[in-house]
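As C-alpha cells, the structure follows; a few thoughts come after it.
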Amino acid sequence: MKYLAVLGRLPKLSLAELESLYDNVEPHGHELATFECANEPELKRLGGSLKLAEELPEGFNYLIDSLAELPDGKITLGVSDFRRGASPHKAQGEALKLKKILQRRGRSVRVLENKTAVLSTATSHHNQLAEKKNHVEIIMTDFGNYNLIGVQNISEYAKRDQARPARDAKVGMLPPKLAQILINLCGPLDDGSRVLDPFCGTGVVLQEAFLMGYLPYGTDLSERMVDYTKRNLDWIGCKDYKAECGDAMNYSWGEEINAVAAEAFLGQPMSQPPADTKLKQEKMRCKDILIGFLKNLYSQIDSGTPVVVAVPAWLRPSGEYSRLNLLDEAENLGYNVKKFINLGQKDLLYFREGQVVAREIIVLRKK
Ligand SMILES: C[S@@+](CC[C@H](N)C(=O)[O-])C[C@H]1O[C@@H](n2cnc3c(N)ncnc32)[C@H](O)[C@@H]1O
C-alpha cells in the first residue's frame, strides 16, 4: 500500500526515520513524502511525522460510498490542500463539493472551516479526524488524494514529557519525539527486542522503547540518574526492564542486546556559543567518552546490531554548528555508517532556533 506522510519541523530527519522503516520513500517538496509498506503504519510510533494518510487509488468514489453506507450519524469532513496554487478558499470549496455529494446520498455533513489550505495538526487531532469512522480528512496533493489515518497526538506527547515524576533540566530534556526517531533509526526491530541506552539519564529513550513494545535496558554513570530512570519506567507501567549503574566506556552489559539507541553525554549546558578553547576542551571530553563507549560496545554486540547515538554539536558565531566528526573513527572501530537516499549526514541535526548545543545523530551498524 502507498502512504503519505506530512513531515515535521525538521523534514530531513523525518525522512531519515521513514527511510529506516519503509520502502520507496520519496520526498515531495519540503512538507510531504510518500512511501510503501505492507502493514498499515502507526503514527504514534513515528516521532518525525505530523500526519499519515493512505492513498485513495480510485479517487473519491470508494470513500464516498463507504461514508454514505455508515450507520446513522453526522459526518465531519475536513480538507487539507497541498496542491500548487492551493488557498483556504479553494480547500473549502473542495470540502463543500464533497458535502453536497454526501448530502445527495442522504447524509448530514459538518465541514471544518479552512482558516488555512492545510488543516493544522491541532485541528485534525481535536476533531478526531483519524480516529472516528464518520470523521474524515482528505489530503489533496498534485500526485493524488489521500485519506487521513493518523495525526500526531500533541497532548499525549506533552503528558509523557512533562508529567514524568523524575526530571532533571541539567541532563537536558530529550523530547519523546526525538527518542522515537532514535529508536526508529535502528530500523525495523522484532517485538520484545532489547534496546540498550548506555547513557540513560532520566530514561526518555527507554520509556519510548517500552511503549513501542521493546525491552528497556539502561545504564548510566550516575546512580541518581539510574534511580530517575527506574522511577520513570515504573510510572509508565513498565515492569520488565533493567537499569544499572555503569560507565559506558568499560561496563559489561550482561544481556543480549538487539539495538542501541542513546543520547550520549552532551557536555556542559550552554546559553552562549563557547570560545574556541572551551569548544576544543568540550569536544575532546565528549569524543573520548564516545570513542571509549564504541570500543567497549563492539565486542558485546553481534554483527549487524544497530547503534544510533545523538551526540553534541555546538553553535558557532557564524550560525553554523561545529560537529564532533566521529564517523571515520567509528568506521575504523568496525561500524558501518548508514547512508540515506534522500539526505546526507549534515541533515541529521536536531536543534531549536538559536539552541547552542544541538544534537547530531549518528547511525551505525556493527560490521
Ligand atoms: C544527555 S544525558 C542523557 C539524558 C537522557 N536521554 C534522558 O532521557 O534523560 C547524558 C547522560 O550520560 C551520563 N554519562 C556521562 N558520562 C557517562 C559515561 N562515561 N558512562 C555512562 N553514562 C555517562 C550522564 O550521567 C547523563 O545522564
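Residues 32 to 398 (the working numbering) make up the sequence shown, in order. For glycine and all other residues, C-beta sits at the position ideal for the given N, C-alpha and C. Bear in mind the structure is a predicted one, so any value in this text is a computation, not a measurement.
- Contact annotation, residue 85 with residue 180: C-beta distance approximately 5 Å; criterion of less than 8 Å satisfied.
- When the five nearest sequence neighbours on each side are left out, the beta carbons in the same chain lying within less than 6 Å of the beta carbon of residue 254 are those of 276, in order along the chain.
- Judged by DSSP secondary structure, residue 106 falls within the beta strand (DSSP E) whose first and last residues are 106 to 112.
- Taking C-beta atoms as the reference points, residue 250 and residue 202 fail to come closer than 8 Å.
- Residue 53 and residue 215 have their alpha carbons spaced roughly 11 Å apart.
- In this structure, the C-beta of residue 169 stays at least 7 Å away from each heavy atom of ligand 1.
- Looking from the CA of residue 120, the closest CA among 150, 61 and 96 belongs to 150.
- 346 is the residue among 332, 327 and 346 whose C-alpha sits nearest the C-alpha of residue 313.
- Pairing residue 361 with residue 310 gives a Cβ-Cβ distance that is not under 8 Å.
- About 18 Å separates the CB atoms of residue 291 and residue 343; that is not less than 8 Å, and the two are not in contact.
- Annotation note: the stretch 59 to 134 contains the following uninterrupted alpha helix (DSSP H) runs of length 4 or greater, listed N- to C-terminal: 92 to 99.
- Residue pairing by DSSP places residue 154 in no beta bridge whatsoever.
- In the three-state scheme derived from DSSP, where H, G and I count as helix and E and B as strand, residue 315 is classed as helix.
- Partner residues in the beta bridge of residue 343, as assigned by DSSP, are 390.
- Counting other Cβ atoms within 10 Å of its Cβ, residue 208 reaches 16 or more and is therefore classed as buried.
- Annotated as proximal: residue 210 and residue 239, with beta-carbon spacing under 8 Å.
- Remark: C-beta atoms of residue 167 and residue 205 do not approach each other more closely than 8 Å.
- Bounds of the alpha helix (DSSP H) holding residue 208 are 207 to 215.
- Just so you know, the alpha carbons of residue 305 and residue 200 end up roughly 20 Å apart.
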